[in-house]
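In mature numbering (1 follows the signal peptide of the UniProt record, and there is no 0), the protein residues as written are -17 to -1, 1 to 192.
Glycine is no exception: its CB is placed at the ideal position from the N, C-alpha and C atoms.
Every value quoted in this text rests on a predicted model; they were computed, and no experiment measured them.
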Amino acid sequence: MIPLVVRWMAWMAAALAAALAGCARLPLTAERPPEDRFADAFVELLPVAALMGHSAERDPRWPLGDRARLVSDAQLSCMRQSLSPAEVRASQRQVARDYAQAHGGTLTADLEVLEDGAARLIGQAMREGAGLPIEGGRAPATTAETRALAAFARDPRYASLREATGLARLAGGEPAPAGQRGKDIASALTVNFLTNAFLRCHIPVKLLY
(Lines of atoms letter the chains of each structure in order from A and count residues from 1; the text may use other names and numbers.)
(Lines give C-alpha, C1' and ligand atoms only; values in the text may rest on other atoms or scores of the structure.)
Protein backbone atom coordinates (compact mmCIF):
# COMPACT_ATOMS: atom_id res chain seq x y z
CA MET A 1 0.00 0.00 0.00
CA ILE A 2 2.75 2.44 0.92
CA PRO A 3 4.57 2.09 -2.44
CA LEU A 4 1.27 2.74 -4.17
CA VAL A 5 0.70 5.89 -2.14
CA VAL A 6 4.24 7.03 -2.83
CA ARG A 7 3.80 6.45 -6.56
CA TRP A 8 0.49 8.34 -6.49
CA MET A 9 2.07 11.28 -4.65
CA ALA A 10 4.97 11.30 -7.10
CA TRP A 11 2.55 11.31 -10.01
CA MET A 12 0.57 14.20 -8.50
CA ALA A 13 3.75 16.16 -7.88
CA ALA A 14 4.85 15.64 -11.48
CA ALA A 15 1.43 16.64 -12.79
CA LEU A 16 1.42 19.75 -10.62
CA ALA A 17 4.91 20.69 -11.75
CA ALA A 18 3.89 20.29 -15.38
CA ALA A 19 0.80 22.39 -14.84
CA LEU A 20 2.78 25.15 -13.16
CA ALA A 21 5.35 25.05 -15.92
CA GLY A 22 2.58 25.39 -18.47
CA CYS A 23 1.16 28.37 -16.62
CA ALA A 24 4.56 29.97 -16.51
CA ARG A 25 4.75 29.72 -20.27
CA LEU A 26 1.40 31.47 -20.76
CA PRO A 27 2.01 35.03 -21.96
CA LEU A 28 1.03 37.70 -19.51
CA THR A 29 -1.44 40.31 -20.68
CA ALA A 30 0.83 43.00 -22.05
CA GLU A 31 0.12 46.59 -21.24
CA ARG A 32 -1.22 48.45 -24.25
CA PRO A 33 1.34 50.57 -26.08
CA PRO A 34 1.31 54.21 -24.95
CA GLU A 35 0.58 55.29 -28.52
CA ASP A 36 -2.70 53.34 -28.48
CA ARG A 37 -3.64 54.66 -25.06
CA PHE A 38 -2.89 58.18 -26.24
CA ALA A 39 -5.14 57.66 -29.26
CA ASP A 40 -7.94 56.51 -26.95
CA ALA A 41 -7.51 59.57 -24.74
CA PHE A 42 -7.33 61.83 -27.79
CA VAL A 43 -10.68 60.57 -29.08
CA GLU A 44 -12.24 60.89 -25.62
CA LEU A 45 -10.91 64.43 -25.34
CA LEU A 46 -12.32 65.41 -28.73
CA PRO A 47 -15.64 63.58 -29.32
CA VAL A 48 -15.91 65.04 -32.81
CA ALA A 49 -17.00 61.71 -34.32
CA ALA A 50 -19.92 61.48 -31.91
CA LEU A 51 -20.90 65.10 -32.56
CA MET A 52 -20.95 64.60 -36.31
CA GLY A 53 -22.78 61.30 -36.09
CA HIS A 54 -25.44 62.95 -33.96
CA SER A 55 -25.86 65.79 -36.46
CA ALA A 56 -26.08 63.38 -39.40
CA GLU A 57 -28.80 61.35 -37.70
CA ARG A 58 -30.92 64.44 -37.14
CA ASP A 59 -30.74 65.84 -40.67
CA PRO A 60 -30.39 63.81 -43.90
CA ARG A 61 -29.08 66.96 -45.60
CA TRP A 62 -26.29 67.43 -43.07
CA PRO A 63 -23.69 68.89 -43.26
CA LEU A 64 -24.96 71.17 -46.02
CA GLY A 65 -28.49 71.78 -44.82
CA ASP A 66 -30.41 73.99 -47.24
CA ARG A 67 -27.33 74.21 -49.47
CA ALA A 68 -27.57 70.50 -50.23
CA ARG A 69 -29.67 71.47 -53.25
CA LEU A 70 -26.55 73.08 -54.74
CA VAL A 71 -24.65 69.80 -54.97
CA SER A 72 -25.33 66.39 -56.49
CA ASP A 73 -26.62 63.44 -54.50
CA ALA A 74 -23.25 61.78 -55.02
CA GLN A 75 -21.42 64.76 -53.55
CA LEU A 76 -23.71 64.89 -50.54
CA SER A 77 -23.25 61.16 -50.01
CA CYS A 78 -19.49 61.61 -50.29
CA MET A 79 -19.60 64.35 -47.66
CA ARG A 80 -21.61 62.27 -45.24
CA GLN A 81 -19.36 59.25 -45.72
CA SER A 82 -16.24 61.38 -45.22
CA LEU A 83 -17.68 62.72 -41.98
CA SER A 84 -19.07 59.44 -40.67
CA PRO A 85 -18.06 58.56 -37.10
CA ALA A 86 -15.85 55.69 -38.30
CA GLU A 87 -13.96 57.90 -40.77
CA VAL A 88 -13.54 60.76 -38.32
CA ARG A 89 -12.45 58.49 -35.49
CA ALA A 90 -9.89 56.75 -37.69
CA SER A 91 -8.54 60.13 -38.76
CA GLN A 92 -8.30 61.28 -35.16
CA ARG A 93 -6.46 58.15 -34.10
CA GLN A 94 -3.95 58.61 -36.90
CA VAL A 95 -3.39 62.23 -35.88
CA ALA A 96 -2.86 61.05 -32.31
CA ARG A 97 -0.35 58.38 -33.33
CA ASP A 98 1.56 60.87 -35.47
CA TYR A 99 1.74 63.23 -32.50
CA ALA A 100 2.87 60.44 -30.19
CA GLN A 101 5.68 59.44 -32.54
CA ALA A 102 6.82 63.04 -32.97
CA HIS A 103 6.70 63.85 -29.24
CA GLY A 104 8.21 60.79 -27.63
CA GLY A 105 9.98 62.93 -25.05
CA THR A 106 6.75 64.34 -23.63
CA LEU A 107 4.36 61.49 -24.42
CA THR A 108 4.38 60.08 -20.89
CA ALA A 109 3.44 63.42 -19.35
CA ASP A 110 0.90 64.17 -22.09
CA LEU A 111 -0.76 60.80 -21.64
CA GLU A 112 -0.81 61.17 -17.88
CA VAL A 113 -2.57 64.54 -17.87
CA LEU A 114 -5.20 63.28 -20.31
CA GLU A 115 -5.84 60.01 -18.50
CA ASP A 116 -5.88 61.73 -15.12
CA GLY A 117 -9.02 63.61 -16.07
CA ALA A 118 -8.44 66.29 -18.69
CA ALA A 119 -9.74 64.08 -21.50
CA ARG A 120 -12.89 63.06 -19.66
CA LEU A 121 -13.83 66.53 -18.42
CA ILE A 122 -13.23 68.36 -21.70
CA GLY A 123 -14.95 65.64 -23.70
CA GLN A 124 -17.88 65.77 -21.31
CA ALA A 125 -18.14 69.55 -21.68
CA MET A 126 -18.21 69.23 -25.46
CA ARG A 127 -20.92 66.59 -25.33
CA GLU A 128 -23.01 68.73 -23.01
CA GLY A 129 -22.56 71.76 -25.23
CA ALA A 130 -23.82 69.77 -28.22
CA GLY A 131 -26.71 68.24 -26.31
CA LEU A 132 -25.27 64.72 -26.50
CA PRO A 133 -25.75 62.13 -23.78
CA ILE A 134 -22.75 61.50 -21.57
CA GLU A 135 -21.44 57.95 -21.88
CA GLY A 136 -21.92 56.24 -18.55
CA GLY A 137 -23.80 59.25 -17.17
CA ARG A 138 -22.44 62.54 -15.93
CA ALA A 139 -20.01 62.16 -13.05
CA PRO A 140 -18.75 65.10 -11.00
CA ALA A 141 -15.09 65.97 -11.34
CA THR A 142 -12.77 64.68 -8.67
CA THR A 143 -10.06 66.86 -7.17
CA ALA A 144 -7.42 64.99 -9.15
CA GLU A 145 -9.36 65.44 -12.40
CA THR A 146 -9.78 69.16 -11.75
CA ARG A 147 -6.03 69.50 -11.22
CA ALA A 148 -5.35 67.60 -14.43
CA LEU A 149 -7.74 69.85 -16.36
CA ALA A 150 -6.13 73.00 -14.95
CA ALA A 151 -2.67 71.71 -15.83
CA PHE A 152 -3.71 70.81 -19.37
CA ALA A 153 -5.32 74.21 -19.90
CA ARG A 154 -2.61 76.40 -18.37
CA ASP A 155 0.70 74.62 -17.87
CA PRO A 156 3.32 75.62 -20.47
CA ARG A 157 4.48 71.99 -20.55
CA TYR A 158 1.33 71.06 -22.44
CA ALA A 159 1.42 73.88 -24.99
CA SER A 160 2.27 71.50 -27.84
CA LEU A 161 -0.49 69.12 -26.79
CA ARG A 162 -3.04 71.94 -26.66
CA GLU A 163 -1.95 73.10 -30.09
CA ALA A 164 -2.15 69.59 -31.57
CA THR A 165 -5.64 69.04 -30.20
CA GLY A 166 -6.91 72.44 -31.33
CA LEU A 167 -7.48 73.47 -27.73
CA ALA A 168 -4.82 76.15 -27.44
CA ARG A 169 -7.58 78.68 -26.80
CA LEU A 170 -8.18 77.04 -23.41
CA ALA A 171 -5.07 78.82 -22.17
CA GLY A 172 -6.64 82.22 -22.63
CA GLY A 173 -9.84 84.07 -23.28
CA GLU A 174 -12.71 85.27 -21.15
CA PRO A 175 -14.31 82.92 -18.64
CA ALA A 176 -17.39 81.16 -19.98
CA PRO A 177 -19.72 78.41 -18.80
CA ALA A 178 -18.25 74.97 -19.44
CA GLY A 179 -21.10 74.00 -21.76
CA GLN A 180 -20.80 77.16 -23.87
CA ARG A 181 -17.04 76.93 -24.10
CA GLY A 182 -17.33 73.27 -25.02
CA LYS A 183 -19.83 74.13 -27.75
CA ASP A 184 -17.58 76.87 -29.15
CA ILE A 185 -14.53 74.64 -29.18
CA ALA A 186 -16.43 71.77 -30.77
CA SER A 187 -17.63 74.07 -33.54
CA ALA A 188 -14.09 75.25 -34.21
CA LEU A 189 -12.77 71.69 -34.33
CA THR A 190 -15.36 70.46 -36.81
CA VAL A 191 -14.37 73.14 -39.33
CA ASN A 192 -11.14 71.28 -40.14
CA PHE A 193 -12.97 68.04 -40.88
CA LEU A 194 -15.63 69.84 -42.88
CA THR A 195 -13.05 71.68 -44.97
CA ASN A 196 -11.20 68.44 -45.76
CA ALA A 197 -14.47 66.74 -46.71
CA PHE A 198 -15.40 69.60 -49.05
CA LEU A 199 -12.07 69.29 -50.82
CA ARG A 200 -12.25 65.49 -50.97
CA CYS A 201 -15.74 65.57 -52.49
CA HIS A 202 -14.94 68.41 -54.92
CA ILE A 203 -17.40 70.86 -53.39
CA PRO A 204 -16.59 74.59 -53.29
CA VAL A 205 -15.48 75.40 -49.75
CA LYS A 206 -17.42 78.67 -49.94
CA LEU A 207 -20.58 76.63 -49.35
CA LEU A 208 -19.27 76.01 -45.84
CA TYR A 209 -19.67 79.66 -44.90
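With a threshold of 6 Å on Cβ separation, who are the neighbours of residue i within its own chain once the five nearest residues in sequence on each side are excluded?
i, result
"valine 54", "Ile186"
"serine 38", "Trp45"
"alanine 32", "Pro68, Val71 and Arg72"
Using 10 angstroms around the beta-carbon of residue i, count the other beta-carbons present and answer buried if the total reaches 16, otherwise exposed.
i, result
"valine 188", "exposed"
"aspartate 93", "buried"
"alanine 69", "exposed"
"glutamine 77", "exposed"
"threonine 148", "buried"
"glycine 5", "Confidence is the limiting factor: at glycine 5 the pLDDT is only 43, short of 50, which leaves the residue's position unreliable and the question unanswerable from this model."
"arginine 63", "buried"
"glycine 29", "Sequence check: residue 29 is leucine here, not glycine. By the 10 Å Cβ count, leucine 29 comes out buried."
"glutamine 84", "exposed"
Give me, in chain order, the residues of the same chain whose beta-carbon lies closer than 8 Å to that of residue i; leave out the 5 immediate sequence neighbours on both sides.
i, result
"alanine 127", "Asp99 and Gly100"
"glutamine 75", "Ala22, Phe25, Val26, Leu29, Val31 and Ala32"
"leucine 132", "Gly100, Ala101, Leu104, Ile105 and Ala124"
Roughly how many whole angstroms lie between the Cα atoms of residue i and residue j?
i, j, result
"leucine 172", "arginine 152", "12 Å"
"proline 16", "arginine 50", "44 Å"
"alanine 57", "alanine 73", "22 Å"
"threonine 129", "glutamate 27", "16 Å"
"arginine 110", "glycine 88", "31 Å"
"phenylalanine 25", "arginine 52", "35 Å"
"leucine 115", "threonine 91", "31 Å"
"cysteine 184", "cysteine 61", "6 Å"
Would the beta-carbon of residue i be found less than 6 Å away from any heavy atom of the ligand MN?
i, result
"proline 116", "Here there are no bound small molecules, and the ligand MN is not part of this structure."
Beta carbon of residue i, beta carbon of residue j: below 7 Å?
i, j, result
"alanine 136", "alanine 79", "no"
"leucine 97", "alanine 124", "no"
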